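Here the sequence shown is numbered in the working numbering, starting from 4 and rising by one per residue.
The next block holds one structure in the form of structure tokens; read it before the comments.
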Amino acid sequence: MKKSVVSSFDVDHRTLNEGLYLRSTYQIDDKLSVLSWDLRFCRPMAKEPLSAGVVHTIEHLMAYYMRLDEKIGRSIVSFCPMGCQTGFYLSTMNDVTAADIKAALIRIHKEVFPIKSTEDIVGLNEIQCGNPALYAIDETNVAMNRYIEVLKSL
Ligand SMILES: [Zn+2]
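In structure tokens:
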């Protein structure tokens, strides 16, 4: 297969497992690089991908709570869903490690989950979001529990 300019296209998704991966590093200048992390919630092809409601709910929660993290909050560039609905991309500055991300996610999971209603989903309203009717409560709790178990096993 042709080597791609998109680093994630060079990963064989048939053998990719759930987990946390450093996907690429963009060197901005001598001091600054931006790291792109693959937070893979579902093993591609093996089972059902995340529903659109789960993806949207996790996007809102993580975009908000990861930025509040004492250690890595100020180093977060973006948190974006993958279109294939099997995970998320997290972009950070160079001073963030996989262990930092893991610790932040475990802490957020402990403090924020289980979510109980739309009141718990930050920014889910017509002013701050493009589709506030799209969310999932129970399914999101299940997906997060599963991913945290994956992270703890790494
Ligand atoms: Zn939204």
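Quick reminder that beta carbons are idealized off the backbone N, C-alpha and C, glycines included.
Model, not experiment: these values are computed from the prediction.
Any non-hydrogen atom of ligand 1 within 7 Å of residue i CB
| i | result |
| --- | --- |
| N134 | yes |
| H63 | yes |
| H59 | yes |
Span separating the alpha-carbon of residue i from that of residue j
| i | j | result |
| --- | --- | --- |
| K155 | L35 | 30 Å |
| P84 | F91 | 4 Å |
| D15 | G133 | 33 Å |
| V57 | D32 | 36 Å |
| G76 | I151 | 19 Å |
| N144 | H63 | 14 Å |
| I130 | I111 | 25 Å |
| K74 | S54 | 30 Å |
| K30 | F82 | The amino acid at residue 30 is misidentified as Lys; the sequence shows Gln. Near 19 Å, if we compare the C-alpha coordinates of F82 and Q30. |
| L93 | P47 | 18 Å |
Residues that DSSP places opposite residue i in a beta bridge
| i | result |
| --- | --- |
| G22 | R43 |
| P135 | Per DSSP, none; premise fails for P135. |
| G90 | R43 |
| L38 | T28, T95 |
| S11 | Paired residues: none, contrary to the question. |
| P84 | F91 |
| I79 | T95 |
Does the segment 67 to 79 come within contact of the segment 92 to 105, defined as at least 3 CB pairs closer than 8 Å?
A contact exists between the segment 67 to 79 and the segment 92 to 105.
Would the segment 115 to 126 count as touching the segment 20 to 34 if we require 3 or more Cβ pairs under 8 Å?
No, the segment 115 to 126 is not in contact with the segment 20 to 34.
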